Amino acid sequence: MCGIIGYCGPRQAADILIEGLKRLEYRGYDSAGIAVGNHEIKLEKRQGYVSLLRGKLEGNVGIGHTRWATHGAPDDRNSHPFTGCSGEFAIVHNGIMENYKELKQELLSRGHRFSSDTDSEVFVHILEEEYEKTGDFREAFFDSVSKLEGSFAILAIHRGEEKIMGIKKDSPLIVGKGNGENFAASDIPAFLPYTSEIAIMKDGEVCEIERSSIRFYDMRGTPVEKKFRFVDWSPDAAEKAGYEHFMLKEIFEQPMAIENTIHSLFSRDFQIGPYPKIDIIGCGTSYNAGMLGKYFIEKTLGIPVQVHYASEYRLRPPIRENPMSVFITQSGETADTIAAAKLARSRGCPTLAITNVIGSSITNSVEHVIHTSAGPEVGVAATKTFIAQVTALYYLGMSVGRSASMLSEKTYSGLMDGMRRLPRLIEAALESEQRISSVSRLLKDSNSIFYIGRGFNYPVSMEGALKMKEISYIHAEAYPAGELKHGPLALISGGTPVIAIVSRDETYDKMLSNIREVSARGATVIAISHEEEVDDYADYRIEVPEADDLFSPFANTVVVQLLAYHTARLRGCEIDKPRNLAKSVTVE
Ligand code: F6R
């Protein structure tokens, strides 16, 4: 998983590439590099963040790459771009070339020398060979990509030509049309300061980009007509807008993320179902969103919902029924989720994806797509996309319930009102930030934190623990509060922090008992609750606004996100780019 960018126009390509790569760093940041070419191809690449690149290369056409290592260590040698033996071409690649071993063996036997351990480098060597046959860059590019298997978005340049060739298959590639200058990148924010006129490439499409022309082809070289459209993201939407970190900015954008998601969902006539059973599949935070969807759909419709980790779902043998299968992935690029979707579809399950990225790979693998409209999320830890996913799942449940007449008009319109109040609810929850920041001081030196909740608050606990561990590097575990005494209680001792999420619903009294149990073992209990009575049980309480059972998880989520954020900040962690993680995980 990596980010790639290409530029062709009157400006210094190096400046545009480096600036764009910084906006793609959420896709990986092990190493970065650029190649700029006119009469010769000049290269700068190195291990580490994009900001380490000096960018002093002259030229008006170029390509760049920011890497999350898969094949080969994250070092200078394995950084992209690659220029092959002749230095005539430069290429960058995002994805996995599955047949690279065989290709490399053949190339080695024909005298090619490799400078890296990557799968990607084979492509530039193939390009060199194909070019020797015809002397035509475009033709050589087509002939070269036809030899590849796997997933790839590739950009290539050739010495002496102001042209970029690109291909997309199972990894994203977007083309941006400017005024006398053109762009290609893995994601729109990379070139958004220059143009918002974009075309999303489909699998198997090739682009040929020059200063004042863009042509598209299929893999056989037949020209393809593609429509450009304008995106309404301002360049600022991809910047920090005064917040210390993208994650904080994105937490505060949640009222807007819900508002926009609701707006786009409500404006769509959504006839779906009925379905006797639903499977929800995702990874990490998307899995946790699925868990909240399960509690909502089961409670409001009584339809059984099973939630699966995408990586495990793939091991599942065919089952007798084919449930409606809902795949959740903010990036739309998660390899396990895409593979699970393809499997479900091949087994005849009705499939639907919920994703935040228009035109992402998952959209090609399912029959129906719901787009969340959270806007670009840069922080690696998902926040606003999670809230938008849960919003979309609630709406999906309501739509299924309505079209199958499982929800009365009165219940449906009550739920709609609740949905409409969500942005205000989140705003009210965000008002507790000061308090949350001061409570984080109690957590910053912990070795281990426990999160407990029941019912809807169990998935919120899961999400809270995931956020805490990924950005603060503190071990954190979530349990359904009733499970504690079946084992984990043995881990509670003097001063162990326990975050207890307590709503005034059917679980309320039992949660109070669970708080007593851990307090009796010396735990420091931090409760997230609207109920003042909880002060008699917990050591500290973070106030959340009052909300209906079904909607309180939204407010509670905001608190656990901010708790993780402030704890990580006090520990001086790299919040937007936690170690070992990347924004989209395109390896299995
Ligand atoms: C956690 C996080 C990850 C992702 C997971 C799935 O904050 O972001 O756990 O949720 O890698 O990613 P998507 O949703 O892109 O499939």
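All residue numbers in the sequence shown are consecutive under the numbering used here, ending with 983.
Glycine included, every Cβ here is placed at the ideal spot set by N, Cα and C.
Bear in mind the structure is a predicted one, so any value in this text is a computation, not a measurement.
Taking all protein chains shown into account, decide if residue i is buried (16 or more other Cβ within 10 angstroms of its Cβ) or exposed.
i, result
"phenylalanine 641", "buried"
"arginine 797", "buried"
"glutamine 784", "buried"
"glycine 890", "exposed"
"arginine 936", "buried"
"serine 827", "buried"
"arginine 964", "buried"
"proline 948", "buried"
"phenylalanine 661", "exposed"
"aspartate 674", "buried"
"asparagine 852", "buried"
"alanine 885", "exposed"
"glutamate 804", "exposed"
"aspartate 514", "buried"
"aspartate 971", "buried"
"isoleucine 714", "exposed"
Given a cut-off of 8 angstroms, decide if residue j and residue i are closer than it, judged by their beta-carbon atoms.
i, j, result
"glutamate 858", "threonine 952", "yes"
"asparagine 489", "serine 566", "yes"
"glycine 428", "proline 469", "no"
"arginine 418", "glutamate 576", "no"
"isoleucine 569", "isoleucine 549", "no"
"glutamate 544", "glutamate 620", "no"
"threonine 680", "alanine 787", "no"
"leucine 412", "glycine 459", "yes"
"proline 618", "arginine 610", "yes"
"proline 940", "leucine 820", "yes"
"phenylalanine 484", "histidine 434", "no"
"isoleucine 692", "proline 818", "no"
"glycine 415", "glycine 573", "no"
"valine 456", "alanine 408", "yes"
"glutamate 716", "serine 756", "no"
"leucine 738", "valine 761", "no"
So residue i is in the beta strand (DSSP E); what residue range does that whole segment cover?
i, result
"proline 875", "870-875"
"leucine 747", "746-750"
"arginine 936", "935-938"
"leucine 550", "545-553"
"proline 892", "892-897"
"glutamate 600", "600-605"
Quick test of your reading: residue i and residue j, contact by CB under 8 angstroms. State the CB separation rounded to the nearest angstrom.
i, j, result
"tyrosine 422", "aspartate 471", "It is arginine, not tyrosine, that sits at residue 422 in the sequence shown. No, arginine 422 and aspartate 471 are not in contact; Cβ-Cβ is about 19 angstroms, not under 8 angstroms."
"tyrosine 690", "glycine 850", "6 angstroms"
"threonine 778", "isoleucine 646", "5 angstroms"
"valine 893", "alanine 918", "4 angstroms"
"glutamate 501", "serine 510", "At roughly 18 angstroms, the Cβ-Cβ gap does not stay under 8 angstroms, so glutamate 501 and serine 510 are not in contact."
"aspartate 598", "lysine 564", "5 angstroms"
"glycine 677", "threonine 724", "6 angstroms"
"arginine 780", "alanine 769", "One detail in the question is off: residue 780 reads as threonine in this sequence, not arginine. The Cβ separation is near 5 angstroms, so the contact holds."
"cysteine 968", "tyrosine 868", "6 angstroms"
"isoleucine 399", "serine 581", "5 angstroms"
"glutamate 600", "methionine 560", "12 angstroms between Cβ atoms; not a contact."
"isoleucine 667", "valine 795", "6 angstroms"
Go to residue i, then tell me how far its alpha helix (DSSP H) extends in each direction, as first and last residue.
i, result
"phenylalanine 781", "779-798"
"alanine 860", "852-867"
"threonine 962", "947-965"
"lysine 572", "Run containing lysine 572: none in the alpha helix (DSSP H); it sits in the beta strand (DSSP E), 569-572."
"glycine 506", "First-last for glycine 506: undefined, no H or E at that position."
"arginine 484", "Reading the sequence as shown, one finds phenylalanine at residue 484 and not arginine. Taken as a continuous stretch (DSSP letters only), phenylalanine 484 belongs to no alpha helix (DSSP H), being part of the beta strand (DSSP E) at 484-492."
Taking the alpha-carbon of residue i as reference, which of the options has the nearest alpha-carbon?
i, options, result
"proline 854", "Ile844, Val897 and Pro875", "Pro875"
"aspartate 802", "Lys839, Gly599 and Lys694", "As written in the sequence, residue 802 is leucine, which differs from the aspartate given in the question. For the residues Lys839, Gly599 and Lys694, the minimum Cα distance to leucine 802 belongs to Lys694."
"aspartate 731", "Gly754, Ser827 and Glu707", "Glu707"
"isoleucine 765", "Ser720, Lys972 and Val540", "Ser720"
"glutamate 901", "Ala430, Pro718, Arg964 and Asp944", "Asp944"
"isoleucine 583", "Arg462, Trp628 and Ala705", "Trp628"
"glutamate 983", "Tyr704, Ala594 and Gly571", "Tyr704"
"lysine 496", "Ala485, Asp512 and Pro650", "Asp512"
"alanine 579", "Ala551, Gly555 and Gly882", "Ala551"
"isoleucine 486", "Ala860, Thr461, Ile653 and Gly467", "Thr461"
"tyrosine 789", "Ser924, Val773 and Gly813", "Gly813"
"glycine 616", "Leu687, Asp538 and Ile675", "Asp538"
"cysteine 734", "Glu603, Tyr670 and Val980", "Looking at the sequence itself, residue 734 is alanine, so the reference to cysteine does not match. Taking only the C-alpha atoms, the option nearest alanine 734 is Val980."
"asparagine 909", "Ile887, His925 and Glu927", "Ile887"
"tyrosine 638", "Gln725, Leu587 and Val773", "Val773"
"arginine 836", "Ala959, Asp931 and Gly432", "Ala959"
"glutamate 926", "Phe722, Val897, Val913 and Lys972", "Val897"
"alanine 942", "Asp934, Met906, Arg899 and His881", "Arg899"
"serine 726", "Phe532, Ser832 and Asn751", "Asn751"
"histidine 870", "Thr590, Ser607 and Leu861", "Leu861"
"threonine 806", "Ser481, Leu825, Met793 and Ala799", "Met793"
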